[in-house]
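Participant: Pasting a structure below so you can have a look.
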Amino acid sequence: MTAYTEAEGRTLRTAVFGAMVLVSTADPGSVDEESQAGVRAITLLSDDLRAIIAAAPPALPKGTASDVEAGVLAALRDSVAIINAHEPRDVPIFRAAVAQMCRSVAGADGEVAAAEREMVTRVVEALA
38 MTAYTEAEGR TLRTAVFGAM VLVSTADPGS VDEESQAGVR AITLLSDDLR
88 AIIAAAPPAL PKGTASDVEA GVLAALRDSV AIINAHEPRD VPIFRAAVAQ
138 MCRSVAGADG EVAAAEREMV TRVVEALA
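Note that my numbering gives residue 92 to position 55 of the sequence shown, counting from 1, and the numbers run on in steps of one.
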């Protein structure tokens, strides 16, 4: 198993759960359906990353909605760098899994609102 520091684990959890929260709150919808869709999609991550994500509760950035968004997008960028430093082969898996999580959350209620689509795009851009 790849060893991540506690700080790296916090960043990864903020990125993964924060991305789902950003998409979920971009447009009012069924929070339960969206949460379940996001959690199901976590299985797309590698075993090592799933273990890190599940190791502790996530912590989202504090402040305004803009502050939270900026913090989560920064955590996504930082997560790609963290994973690349430890296990470069996991980077494309992480990118694809988080993007799919966000798409699953956005479409959980049967339709994707423009605001959700825009947020998914911002998340995917942060992962690039």
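No residue lacks a Cβ here, since even glycine has one placed at the ideal position from N, Cα and C.
For E45, report the span of its alpha helix (DSSP H) as first-last.
Facilitator: Within the sequence shown, numbered from 1, the residue matching residue 45 stands at position 8. E43 to A63 is the span of the alpha helix (DSSP H), which, as asked, contains E45.
Participant: Here's a check: name, in chain order, each residue in its chain whose Cβ is nearer than 6 Å to the Cβ of A152, leaving out the five neighbours to either side.
Facilitator: The sequence position of residue 152 within the sequence shown is 115, counting from 1. Excluding positions up to five away in sequence, the list reads A63 and D64.
Participant: When the Cα atoms are used, what is the spatial distance from P98 to D115?
Facilitator: As a first step, residue 98 must be located in the sequence shown, where it is residue number 61. As a first step, residue 115 must be located in the sequence shown, where it is residue number 78. Cα to Cα, the separation comes out at about 14 Å.
Participant: Look at the alpha carbon of A111 and the alpha carbon of V149, and state the distance between them as a whole number of angstroms.
Facilitator: Along the sequence shown, one-based indexing puts residue 111 at 74. Along the sequence shown, one-based indexing puts residue 149 at 112. Approximately 24 Å between the Cα atoms of the pair.
Participant: Would you please state the rounded distance, in angstroms, between the beta carbons of V53 and V157? I believe it to be under 8 Å.
Facilitator: Numbered from its first residue, the sequence shown carries residue 53 at position 16. Numbered from its first residue, the sequence shown carries residue 157 at position 120. Going by Cβ atoms, the distance from V53 to V157 rounds to 14 Å, so no, they are not a contact pair.
Participant: State the Cα-Cα distance for the pair V128 and C139, rounded to the nearest angstrom.
Facilitator: Locating residue 128 in the sequence shown gives position 91, where the first residue counts as 1. Locating residue 139 in the sequence shown gives position 102, where the first residue counts as 1. If you take the alpha carbons of V128 and C139, they lie about 17 Å apart.
Participant: So does the region 141 to 148 actually touch the region 115 to 124, counting three or more Cβ pairs closer than 8 Å?
Facilitator: As far as the Cβ criterion goes, the region 141 to 148 does not touch the region 115 to 124, which means the pair count is below three.
Participant: Output the boundary residues of the alpha helix (DSSP H) element that contains S83.
Facilitator: As a working mapping, residue 83 is identified with position 46 in the sequence shown. Looking at the DSSP string, S83 is not in any alpha helix (DSSP H), and its letter there is neither H nor E.
Participant: Quick one, which of G147, D146 and T48 has its alpha-carbon nearest A91's?
Facilitator: On the sequence shown, residue 91 is found 54 positions in, with the first residue counted as 1. Per the Cα distances, T48.
Participant: Which residues bound the alpha helix (DSSP H) around F110?
Facilitator: Looking up residue 110 in the sequence shown gives position 73. This sequence places Leu at residue 110; Phe is not what is there. Looking at the DSSP string, the run of the alpha helix (DSSP H) that includes L110 is A102 to H123.
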